[in-house]
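First the structure, in the form of structure tokens, and then the observations on it.
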Amino acid sequence: FPVTIYGPTKIEWPVTEHNYGGMFDTTNDRFVAPVTGLYSLSVLVRCYGTGAFDGDDAAILYIYKNGSIWAWAGYCRQTTGTSGQAIVFTWADANVLLTKDDYIEFYIENNDSSVDLYVTSAISPPTDVMTTFSGAWLA
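Mapped onto the numbering used here, the consecutive letters of the sequence shown carry residue numbers 82 to 220.
Below you can see the structure in the form of structure tokens.
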């Protein structure tokens, strides 16, 4: 799906491979705390784009808690893929205290108006890195 220029776009999760405990709400694309506690979150976003990238600042990843920005993960790393497409990676790992029913969502922002940027969950060929998320209750 396309990423909005200079405005956060919510990351969609069209495929859920494992949802132990049902903590991921697949309807609203969010992680929901079933109990109050400390949670470990990890996300990797893979994008591709076309255009004139001007450095390692093509995208910003945001972590939202209960609908507001809780943290941002910084800028992305950019590499060149097949057919001259730019491949953009950004990631975050965080531990966060959540109260029962608090929720976490991830947003990404295209920070380069000269680039068309798209989030992908491509898994073919199998060596491709896909957009992934994991969350777990620690204590």
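Heads up, the beta-carbon is just placed ideally off N, CA and C, and yes, glycines get one too. Here the structure is a predicted model, which means the values were calculated and not measured.
Of the other Cβ atoms in all chains shown, 16 or more fall within 10 Å of the Cβ of Gly216; this residue is therefore buried.
By the Cβ test, the segment 181 to 188 is in contact with the segment 112 to 125, since at least three Cβ pairs between them sit closer than 8 angstroms. Annotation for Tyr145: the continuous beta strand (DSSP E) segment containing it runs Ala140 to Lys146. Rounded to whole angstroms, the gap between the alpha carbons of Asn192 and Asp174 is 21 angstroms. Cβ-Cβ separation between Val124 and Trp172: approximately 6 angstroms, consistent with a contact (criterion under 8 angstroms). About 19 angstroms separates the CB atoms of Leu219 and Phe187; that is not less than 8 angstroms, and the two are not in contact.
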